[in-house]
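A.B. asks:
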Amino acid sequence: MDRRMFLSRGLALGCSIAASPLITPMAFASAPWDNRLVVILLRGAMDGLDVIRPVGDPAFADLRPGLTAEAPHHALDGFFAMHDGLSALLPLWQAGEMSFVHAVSTPYRDRRSHFDGQDLLEAGIAGLDEGLRDGWLNRMLATVPGLESEIAFAVGRERMLILSGDAPVSSWAPNTRLELSPATERLLEYVQHSDPLFRDASADAIAIAAEVAAGGEMMGERVGRGNSVTMAQFAASRLVGDTRIASFSISGWDTHNRQHRGLPGRLGELSDTILTLKANLGDVWDKTTVVCMTEFGRTARQNGSDGTDHGTGGAMLLAGGAVRGGRVISDWPGLEEGDLYDRRDLMPTRDVRAHAGWLMRGLFGLSTGTIEGAVFPGMEMGTDPGLLL
Amino acid sequence: MTFDPILAEIRFGTGLSPRFPLPGQVDDLLIRLSSPDAAGSEMPIPPYSDVTPSSSELRKATADVRNAETEAAREEAVALRKILQDQARRIRHDGLTATLMRAVRSPDGMRERLTAFWADHFTVRARGGVTRHLVGPFVEEAIRPNLTGRFSDLLVAVTTHPMMGYYLDQHRSIGPNSRMGLNNGLGLNENLARELLELHTVGVKGPYSQADVRQLAELLTGLYWRPDRGLVFRTRAAEPGPEQVLGRSYGGEEESLDAIVDVLHDLALHPATARHLATKLVVHFVSDTPDPDLVDAVAAVYLQSGGRLLATYEALLQHPAAWAPERRKVKKPLDFMQSAMRALDVDPASVRDLGGRQMRAWFYEHLRRMGQEWERPLSPEGWPEEPEAWVTPQALAGRIDWSMQVPQHLVEPLPDPRDFLVAAFGPEPPEEVAFAARAAEGRREGIGLVLASAAFQRR
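Protein sequences, first through last, are from chains L and B. Per the working numbering, the very first residue in the first sequence carries number 3; after that it's consecutive. Per the working numbering, the very first residue in the second sequence carries number 3; after that it's consecutive.
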């Protein structure tokens with residue numbers, strides 16, 4: 003692959019900044035870490051109980067007979083089984099490069115709104131009353147002085163609250179194109195200079211365009227099709243360079259109806275996305291953790307239209323060479339009616355943020371105090387779930 | 003901070019036009035809004051009920067292909083389906099061009115803004131190919147005729163419309179103790195009930211609980227639509243017995259649509275709804291950090307007037323805070339295109355007969371790059387309001403690219419950029435944009451720089 007493809011966005015930005023008297027050039031420092039973290043947000047509320055099925059729980063079979071009958075699964079450990087839609091990832095499971103965390107959620111309860119649930123997941127705060135300001139990955143970056151924006155990439159057209167905030171980060175969407183003459187480029191900088199929002203976005207847009215022009219179309223391996231595979235390709239192209247954190251989202255998990263028909267396609271695309279990351283990361287895969295999170299789980303019982311409604315407890319998926327895989331990590335609450343949250347949803351037994359906190363501690367060496375104070379204020383990390391090798 | 007005719011067109015309308023005189027006062031805006039919908043009749047979008055092909059015609063055409071018994075019959079069915087699909091695609095194209103051109107050729111830009119505002123408040127999204135061309139016709143039928151009347155009428159029109167019902171799964175929600183529920187083991191789907199409270203009326207901060215969602219979902223059972231007859235009340239799916247929503251009891255005798263209309267009327271006039279709608283209007287038109295006094299004023303008039311929307315808009319427009327000179331909002335991508343084409347005074351003939359390839363290259367694809375794929379919002383919450391959501395490097399690259407590349411195809415020849423400054427900004431264009439327009443390498447670049455500037459994209 004052409005080395006120029008990896009031309010640092012920071013460098014490209016540096017060139018355009020050097021040409022502009024309006025912005026002070028910044029110093030570039032290399033990343034303080036070698037480990038990589040990819041956070042994939044599964045928007046729409048993935049049904050953890052269908053994806054990682056607690057077939058060993060005696061109450062499970064009666065809760066969702068239709069869903070379980072319509073799609074096969076693969077036994078994992080005698081208690082849990084994995085939905086057939088993820089079968090392309092079985093080799094990762096067998097190689098110890100994939101694990102699941104079950105019966106977890108954010109602190110969000112009762113309203114079961116996608117929008118609030120996603121906001122809370124990305125903001126990493128205990129409640130929306132605290133007000134949305136920034137995302138937890140950004141706050142984590144802000145605790146480390148001297149990072150440049152190349153350290154983290156928000157990938158895709160969608161706004162990623164999880165990476166928004168005071169710490170500088172980069173963003174890029176596939177298919178961005180911009181052809182301007184040098185003179186027009188300078189005039190464009192001039193018309194935006196008094197509006198910081200437009201000024202910065204314009205400068206970044208010009209830098210990206212220059213880089214795409216230099217590197218040509220993105221290359222690299224693809225496993226399968228789909229927009230998130232393209233995002234995974236791009237994320238990998240950054241992560242083998244100076245980028246340490248990437249985040250993007252995959253939508254379409256809101257399976258109110260005929261879940262057995264909708265969910266396999268989503269799981270297939272998620273599998274392709276993870277396999278595309280692995281294929282393009284090469285040796286870096288060994289230092290990589292991919293974590294897939296969703297805003298909440300879905301109802302324990304199937305609904306009247308062969309689907310499931312918004313629930314509470316859900317599941318996370320972890321993959322990567324840095325993961326201690328082959329395990330489903332859970333303090334299982336049980337599925338008898340009295341065990342359920344609100345007599346309808348899987349009871350969350352741990353906060354997803356605790357797991358995210360332990361990942362950041364293990365991958366980036368952040369102290370428990372920093373995580374509990376600055377990244378997830380007021381949260382207690384609790385005992386080490388041992389997610390990493 | 004008082005009425006400003008240029009700001010009126012930019013902030014509350016679809017931008018300046020060389021074609022129409024500026025409003026002289028707030029009343030002029032209100033008079034336009036209460037006049038007949040001239041732009042709607044001159045540049046029609048068919049209402050949902052009149053659209054050919056309907057979703058059931060398209061569904062039948064697909065079934066005919068599947069069920070064809072001979073190869074010849076199959077070929078005929080495929081050809082027939084293709085004709086219908088082409089018609090549907092044309093309706094979607096025409097809906098986009100009418101939406102753009104109404105903004106260019108109407109003196110009443112605020113009507114277009116309000117149509118978009120309420121269409122976003124009541125976001126629907128097509129679920130599959132057979133309804134993709136029906137989003138615009140839904141807006142035309144349920145929303146546009148109800149822009150200036152009572153909010154309750156708008157709410158009832160939208161909630162009982164098949165497009166909303168199908169989008170939020172209402173047709174699949176069956177009362178568990180209804181005849182259908184008991185006989186077939188079917189149950190509730192809470193989706194419409196939840197969004198009605200969370201998004202459409204009292205808002206997510208409103209005084210409701212999961213129990214209210216559940217009760218409202220039970221109350222809504224029975225709401226159903228048939229391809230031939232439209233809205234029907236399906237008694238055998240309706241949950242029997244009264245339901246309690248926000249402390250009031252509904253239904254209980256014979257199940258009927260009346261109880262559903264009652265709860266919608268009560269929700270429409272709930273103080274939390276007044277606050278939710280007032281905040282949304284102020285955030286949409288003025289600022290993401292709304293002046294509390296302005297919100298209070300709008301919410302108060304909304305309640306006093308019994309939810310009359312024209313009076314509510316008047317309260318917004320009469321308040322000094324609505325005319326704060328700082329332009330804190332950013333035009334959304336479609337608004338941006340509309341106002342650019344309005345300033346350019348694009349001739350309807352130049353977009354009327356565009357083919358699919360050009361429509362894709364100049365409009366659909368650019369809207370997608372700018373982050374606002376046509377009629378494809380991500381969620382029932384609709385499009386985001388914050389400027390930061392729209393002014394990202396990749397989305398702004400889309401706006402810059404459109405500004406530089408597309409106007410030359412819409413206006414022949416392009417105007418002199420120095421003259422265009424006045425069309426875009428009025429007699430006092432911002433100094434830096436005027437400089438760029440004069441210094442540009444050519445007309446195309448000059449027009450592009452004016453349109454791509456922060457000053458043009460803010461309102």
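Backbone N, C-alpha and C fix where the C-beta goes; we use that ideal spot for every residue, glycine too.
Ignore the nearest five residues each way along the sequence and tell me which others in B:Gly183's own chain have a CB closer than 6 Å to its CB.
C.D. replies: Closer than 6 Å at the Cβ level, and outside the excluded window around B:Gly183, lie Ile176 and Gly177.
A.B. asks: Per DSSP, which residues does L:Met100 bridge with? Please list them.
C.D. replies: DSSP output for L:Met100 lists L:Ala321 as bridge partner(s).
A.B. asks: Does the structure place the stretch 69-80 of chain B close enough to the stretch 98-105 of chain B that three or more beta carbon pairs sit under 8 Å?
C.D. replies: These segments do not touch.
A.B. asks: Along chain B, which residues have their Cβ under 7 Å away from the Cβ of L:Asp112?
C.D. replies: Among the residues of chain B, those whose CB is under 7 Å from the CB of L:Asp112 are Gln212, following chain order.
A.B. asks: Would you grab the beta carbon distance between B:Tyr50 and B:Glu143 for me? Rounded to a whole angstrom, and I think it's under 8 Å.
C.D. replies: Confirmed, about 4 Å.
A.B. asks: What is the rounded straight-line gap between the Cα of B:Pro7 and the Cα of B:Gly26?
C.D. replies: 6 Å
A.B. asks: Please confirm whether L:Ser204 has its beta-carbon closer than 8 Å to some beta-carbon of chain B.
C.D. replies: yes
A.B. asks: Rounded to whole angstroms, what's the CA-CA distance from B:Pro20 to B:Ala345? Just pull it up for me.
C.D. replies: 7 Å
A.B. asks: Exposed or buried, L:Ala71, counting other C-beta atoms within 10 Å across all chains shown (16 or more means buried)?
C.D. replies: Exposed.
A.B. asks: Identify every run of the alpha helix (DSSP H) within the stretch 286-368 of chain L, keeping only runs that are complete inside it and at least 4 residues long; order them along the chain.
C.D. replies: Fully enclosed alpha helix (DSSP H) runs of 4 or longer: 354-366.
A.B. asks: Relative to the C-alpha of B:Lys333, which residue among B:Ala397, B:Val297, B:Gln410 and B:Thr281 is closest?
C.D. replies: B:Ala397
A.B. asks: If contact means a Cβ-Cβ distance below 9 Å, which residues of the stretch 250-262 of chain L contact chain B?
C.D. replies: Ser253, Asp256, His258 and Asn259
A.B. asks: Quick check on L:Thr186 - is its C-beta less than 8 Å from some C-beta in chain B?
C.D. replies: yes
A.B. asks: Just checking, does the stretch 301-316 of chain B make contact with the stretch 428-445 of chain B on the three C-beta pairs under 8 Å criterion?
C.D. replies: With the cut-off at 8 Å, the stretch 301-316 of chain B and the stretch 428-445 of chain B do not touch.
A.B. asks: For B:Gly189, decide whether its Cβ has a neighbour in chain L, counting only Cβ atoms nearer than 8 Å.
C.D. replies: yes
A.B. asks: Report yes if the C-beta distance between L:Thr108 and L:Arg355 is below 8 Å; otherwise report no.
C.D. replies: yes
A.B. asks: Could you have a look at L:Tyr469 and say whether DSSP puts it in helix, strand or coil?
C.D. replies: This structure does not reach residue 469 of chain L, given that chain L is present from 3 up to 391, and the question cannot be answered.
A.B. asks: Under 8 Å, do L:Ala324 and L:Leu283 count as touching if we go by C-beta distance?
C.D. replies: no
A.B. asks: In chain order, which continuous runs of the alpha helix (DSSP H) of length 4 or greater are located wholly inside the stretch 371-457 of chain B?
C.D. replies: 389-392, 395-407, 409-412, 419-427, 433-441 and 445-454
A.B. asks: Taking the C-alpha atoms as reference points, what is the distance between B:Ser36 and L:Pro67?
C.D. replies: Going from the Cα of B:Ser36 to the Cα of L:Pro67 covers about 56 Å.
A.B. asks: Would you list, in sequence order, the uninterrupted alpha helix (DSSP H) runs of no fewer than 4 residues that lie entirely inside the stretch 232-301 of chain B?
C.D. replies: Listed in chain order, the complete alpha helix (DSSP H) runs (minimum 4 residues) inside the stretch 232-301 of chain B are 259-270 and 273-287.
A.B. asks: Between the Cα of B:Leu18 and those of B:Trp392, B:Met339 and B:Arg359, spot the shortest distance and give me the residue it belongs to.
C.D. replies: B:Met339
A.B. asks: Considering only the beta carbon of each residue, do B:Ala274 and B:Gly187 sit closer than 8 Å?
C.D. replies: no
A.B. asks: Give the residues from the stretch 285-316 of chain L that approach chain B closer than 7 Å (Cβ to any Cβ), ordered along the chain.
C.D. replies: Asn305, Gly306, Ser307 and Asp311
A.B. asks: Give the residues from the stretch 192-208 of chain B that approach chain L closer than 8 Å (Cβ to any Cβ), ordered along the chain.
C.D. replies: Here the close residues are Glu192, Asn193, Arg196, Glu200 and Val206.
A.B. asks: Looking at L:Asp347: is its Cβ nearer than 8 Å to the Cβ of L:Thr301?
C.D. replies: yes
A.B. asks: Pick out whichever of L:Leu143, L:Gly388 and L:His76 has its Cα sitting closest to the Cα of L:Leu368.
C.D. replies: L:Leu143
A.B. asks: Is any beta-carbon of chain B found at less than 8 Å from that of L:Met28?
C.D. replies: Bear in mind that the predicted position of L:Met28 carries a pLDDT of just 38, short of 50, making it too unreliable to give a figure here.
A.B. asks: Could you spell out where the beta strand (DSSP E) holding B:Ala128 opens and where it closes?
C.D. replies: It is not in any beta strand (DSSP E) - B:Ala128 carries neither H nor E in the DSSP assignment.
A.B. asks: Short check: CB of L:Ala317 to CB of L:Phe81, under 8 Å?
C.D. replies: It is not a contact, given that the beta carbons lie outside the stated cut-off.
A.B. asks: Since L:His85 is in the beta strand (DSSP E), which residue starts that stretch and which ends it?
C.D. replies: Ala83 to His85
A.B. asks: For the stretch 382-390 of chain L against the stretch 279-299 of chain B, are there 3 or more C-beta pairs whose distance is under 8 Å?
C.D. replies: The stretch 382-390 of chain L vs the stretch 279-299 of chain B: no contact.
A.B. asks: Excluding five sequence neighbours on each side, which residues of the same chain lie with their C-beta closer than 6 Å to the C-beta of L:Pro74?
C.D. replies: Asp86
A.B. asks: Could you check if B:Met3 is buried or exposed, using at least 16 other CB atoms within 10 Å of its CB as the buried criterion?
C.D. replies: B:Met3 sits exposed, since fewer than 16 C-beta atoms from the chains shown fall within 10 Å of its C-beta.
A.B. asks: Do you know offhand how far L:Leu199's Cα is from B:Val393's?
C.D. replies: 7 Å
A.B. asks: Mind checking if B:Ser352 is an interface residue toward chain L, Cβ cutoff 8 Å exclusive?
C.D. replies: no
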